[in-house]
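Taking this note's numbering, the leading residue of the sequence shown gets 206, the next gets one more, and so forth.
Ideal Cβ placement from N, Cα and C applies to all residues, glycine included.
First the structure, in the form of structure tokens, and then the observations on it.
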Amino acid sequence: LDGDGWSDFIVPNEIPADIRVFMNDQQGGYDDFTIFTINSGSRPSTNEGFDYNLDGLMDFTVGNSTNNKVTVFMGDGTGSFSNIQNHTADIGVRGLVILDANGDGFPDIVTANRDADNASILINSKDGTFSPPINFEGKGNGETAAATSDVNGDGKMDLFLGAIYSDEVMLWLGNGNGSFTFSDKVSVGNGPWMVGSGDVNNDGIPDVVCANSSGSNFSVILCDSAGNLSLPTNYSVGSFPIAIDLGDVDGDLDLDIVTSNFTGANFTLYENNGEGVFINRNDLPANQAGSCAVFHDRDNDGDMDMTGIDELQDLLILFTNDPTAGVNLSEDSPEKFILFQNFPNPFNPTTNIKFTIPITLSGVEGSLVVLKVYDVLGNEIITLVNEEKQPGTYELDFNARGLPNGMYFYTLKVGSFSETKKMVLLK
Numbered sequence: 206l207d208g209d210g211w212s213d214f215i216v217p218n219e220i221p222a223d224i225r226v227f228m229n230d231q232q233g234g235y236d237d238f239t240i241f242t243i244n245s246g247s248r249p250s251t252n253e254g255f256d257y258n259l260d261g262l263m264d265f266t267v268g269n270s271t272n273n274k275v276t277v278f279m280g281d282g283t284g285s286f287s288n289i290q291n292h293t294a295d296i297g298v299r300g301l302v303i304l305d306a307n308g309d310g311f312p313d314i315v316t317a318n319r320d321a322d323n324a325s326i327l328i329n330s331k332d333g334t335f336s337p338p339i340n341f342e343g344k345g346n347g348e349t350a351a352a353t354s355d356v357n358g359d360g361k362m363d364l365f366l367g368a369i370y371s372d373e374v375m376l377w378l379g380n381g382n383g384s385f386t387f388s389d390k391v392s393v394g395n396g397p398w399m400v401g402s403g404d405v406n407n408d409g410i411p412d413v414v415c416a417n418s419s420g421s422n423f424s425v426i427l428c429d430s431a432g433n434l435s436l437p438t439n440y441s442v443g444s445f446p447i448a449i450d451l452g453d454v455d456g457d458l459d460l461d462i463v464t465s466n467f468t469g470a471n472f473t474l475y476e477n478n479g480e481g482v483f484i485n486r487n488d489l490p491a492n493q494a495g496s497c498a499v500f501h502d503r504d505n506d507g508d509m510d511m512t513g514i515d516e517l518q519d520l521l522i523l524f525t526n527d528p529t530a531g532v533n534l535s536e537d538s539p540e541k542f543i544l545f546q547n548f549p550n551p552f553n554p555t556t557n558i559k560f561t562i563p564i565t566l567s568g569v570e571g572s573l574v575v576l577k578v579y580d581v582l583g584n585e586i587i588t589l590v591n592e593e594k595q596p597g598t599y600e601l602d603f604n605a606r607g608l609p610n611g612m613y614f615y616t617l618k619v620g621s622f623s624e625t626k627k628m629v630l631l632k
């Protein structure tokens, strides 16, 4: 929030209808919070942070779950907010996601409105204010959750919706003009409360996961590039899970999962085996209610920590990961070249890129590896790698600070092998 490179934390509070801003103390902890009241706020909950007016400062949005208001806080770069405005969506804003719906480079807002049984699109007016909502029927009953990824790889952001009463997850493909076309839906466990998206099986195509509140489990739904959804695979967790997050906790270059279990009073962590199968369940304690856990590198040591919220006790619970350093190189040499989809995507301003170099390279010990980033016109932006690499799996971070919003391409070349993937910078 203040541009110091340390992860700060914002907590919406339903009953007083405010947000609490915790600034990182640059040691992985937090200073005392600052309160910002929400005018006409009504049980604010779902939230996202983005730079809405592209001034380089982080802004913040929260949806009010018992009215039709979306509250936008414009950041001033110090951890404070200079302008707070309410915008109209529809009744019962339970899910909220930020994406560029119309391709103009400015982030828009999509909400899932449980009580209105629909979704709303709020188009950015390019100054951090938003147009009146475009409401559409989400093809479920009780749209409660929303997430975004580019599933079909066309450079347009797609939309996942979760419907709590019909127990479904729906996929809508972005048209790039501010609208979406329905693609597929699938039945999941009981009461999907929150959805998240990421490539869990490392096939280069984003997938979707959801926390099923009444089923005490989460669902993993794989996607294909045509916009089809697989049948779900369910994993048991603590009682009444209401939040889910994805991140590489164990440093093995795949996405692990944590759920927040309200009546179970804990957080359930599963590790990914690299193929989208989740193993090694670990239940971590909350105090009274596991309300929302978020993966982030809180202490800036290069690995994913976790911050949990217990809303009944009004607590932040800080979980610290063991530190790692340097490039991750797998013990077993891979069998083929793979250039993975960057994560997160879209990103702001940093994203992770990983690739594998196989052991069979005509008997040579190392091979020249070139990884470059280009803009949509084909202009080279940066060379990320230009050196010999031994067989193994590598990852690195690309920081796009100072670059304009839009689509970029990254290309990996090793001998005769060449592959290119798209990524979207959305500040």
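Consult DSSP for Val315 and reduce its assignment to one of helix, strand or coil.
-> strand
Have a look at Lys632 and Ile484 and give me their C-alpha separation to the nearest angstrom.
-> 34 Å
Own chain partners of Glu373 with C-beta closer than 6 Å, once the 5 adjacent residues on each side are dropped = Here the set comprises Gly345, Lys390 and Ser392.
What separation, rounded to the nearest whole angstrom, lies between the Cα atoms of Val216 and Thr353?
-> In this model, Val216 and Thr353 are separated by some 22 Å (Cα to Cα).
Near Asn547, which residues of its chain fall below 8 Å by C-beta distance, leaving aside the five closest residues on each side in sequence?
-> Thr556, Asn557, Ile558, Phe603, Tyr615, Lys626 and Met628
For Asn477, three-class secondary structure by DSSP | The answer is strand: DSSP assigns Asn477 an E or B state.
Rounded to a whole number of angstroms, what is the C-alpha to C-alpha distance between Gly159 and Tyr257?
-> Nothing can be reported for residue 159, as the shown portion of the chain is limited to 206 through 632.
Between the C-alpha atoms of Val581 and Tyr613, what's the straight-line distance to the nearest angstrom?
-> The straight-line gap from Cα to Cα measures roughly 6 Å.
When Ile462, Gly481 and Asp264 are compared against Phe472, the one with the closest alpha-carbon = Ile462
What residue does the beta strand (DSSP E) around Asp363 start on, and which one ends it?
-> Asp363 to Ala368
Host beta strand (DSSP E) of Ile303 (start-end) = Val298 to Leu304
Using 10 angstroms around the beta-carbon of Ser567, count the other beta-carbons present and answer buried if the total reaches 16, otherwise exposed.
-> Bear in mind that the predicted position of Ser567 carries a pLDDT of just 37, short of 50, making it too unreliable to give a figure here.
Does the beta-carbon distance from Phe445 to Thr468 come in below 9 Å?
-> It is a contact, given that the beta carbons lie within the stated cut-off.
Helix or strand or just coil, what does DSSP make of Ile240?
-> strand
Whole-number beta carbon distance between Ser418 and Ile426, since they are thought to touch under 8 Å = With 8 Å as the limit, Ile426 and Ser418 do not qualify as a contact, their Cβ atoms being about 17 Å apart.
Simplified DSSP assignment, three categories, for Ser578 | Looking at the sequence provided, one finds Val at residue 578 rather than Ser. If DSSP states are grouped into helix, strand and coil, Val578 belongs with the strands.
Is it buried or exposed for Gly343, if we count other Cβ within 10 angstroms and need 16 for buried?
-> Burial call: buried.
DSSP state of Gly343, grouped into three classes?
-> The answer is coil: DSSP assigns Gly343 none of H, G, I, E or B.
How is Asp213 classed by DSSP in three states: helix, strand or coil?
-> In the displayed model, Asp213 falls within coil according to three-state DSSP, outside both helix and strand.
One or two residues paired with Phe423 in a DSSP bridge = Ala416 and Tyr440
Rounded straight-line distance, which links the Cα of Pro551 to that of Leu576 | 19 Å
Looking at the unbroken beta strand (DSSP E) that takes in Met279, where does it start and where does it end?
-> Lys274 to Gly280
Between the beta-carbon of Leu601 and the beta-carbon of Val590, is there less than 9 Å?
-> In this structure, Val590 lies closer than 9 Å to Leu601 by Cβ.
Give me the Cβ distance between Val405 and Ala351, rounded to the nearest whole Å; I'm assuming they're in contact under 8 Å.
-> Actually they do not touch by this definition, with Cβ atoms about 18 Å apart.
State whether the stretch 240–251 contacts the stretch 210–224, with contact taken as three or more CB pairs (one from each stretch) at a distance under 8 Å.
-> yes
Among Leu376, Gly396, Gly403 and Gly394, which residue has its Cα nearest to the Cα of Phe387?
-> Leu376
Which stretch, first to last residue, makes up the beta strand (DSSP E) that contains Val454?
-> No residue range can be given for Val454, since it is assigned to no beta strand (DSSP E) and is classified by DSSP as neither H nor E.
Could you work out which residue in Asp309, Phe238, Gly367 and Lys331 is closest to Val302 when comparing CA atoms only?
-> Gly367
Three-state secondary structure (DSSP) of Ala352 | strand
Residue burial classification, Asp453 (beta-carbon count within 10 angstroms, cutoff 16) = buried
Please name the residue, chosen from Val356, Phe311 and Gly383, that lies closest to Asn340 on a Cα-to-Cα basis.
-> Gly383
Between Ala317 and Thr349, is the Cβ-Cβ spacing less than 9 Å?
-> Cβ atoms of Ala317 and Thr349: closer than 9 Å.
Taking the C-alpha atoms as reference points, what is the distance between Ile296 and Thr561?
-> CA-CA distance, Ile296 to Thr561, rounds to 47 Å.
Identify whether Ala324 lies in helix, strand or coil by the three-state DSSP scheme.
-> strand
Ignore the nearest five residues each way along the sequence and tell me which others in Val277's own chain have a CB closer than 6 Å to its CB.
-> For Val277, the CB contacts under 6 Å within the same chain, skipping 5 residues up- and downstream, are Thr266 and Gln290 in chain order.
Backbone CA spacing between Gly597 and Gly358 [nearest angstrom] = 26 Å
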